[in-house]
Amino acid sequence: MEFCPRAEELTTLLERRMTDFYTNFQLEEISLVVSIGDGIARVYGLDEIQAREMVEFAEV
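Okay, so the sequence shown: first residue is -18 according to my numbering, each after it adds one.
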């Protein structure tokens, strides 16, 4: 016997799967630290950062 789900059931299943996927999505920016000194870091690759914007870095 073949299982044939209804369109409504498929829609519900797909919506649930997509919600779970996008809920667990995490965005990270990767960059290169060029220099550090006097409390100032020169960083290459943070395209979404504005000039003179305060940025917090995690400890490594």
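C-beta atoms are modelled at their ideal positions from N, C-alpha and C, and glycine is treated no differently.
Contact check, residue i vs residue j, beta carbons under 8 Å
i	j	result
residue 12	residue 26	yes
Integer Cβ distance of residue i from residue j, believed to fall under 8 Å
i	j	result
residue 29	residue 10	7 Å
Own chain, CB closer than 8 Å to residue i, minus 5 neighbours either side, in chain order
i	result
residue 19	none
residue 38	22
Nearest residue (CA-CA) to residue i, options the options
i	options	result
residue 14	36, 2 and -9	36
Contact set for residue i: own chain, Cβ-Cβ below 7 Å, skip 5 residues either direction
i	result
residue 8	none
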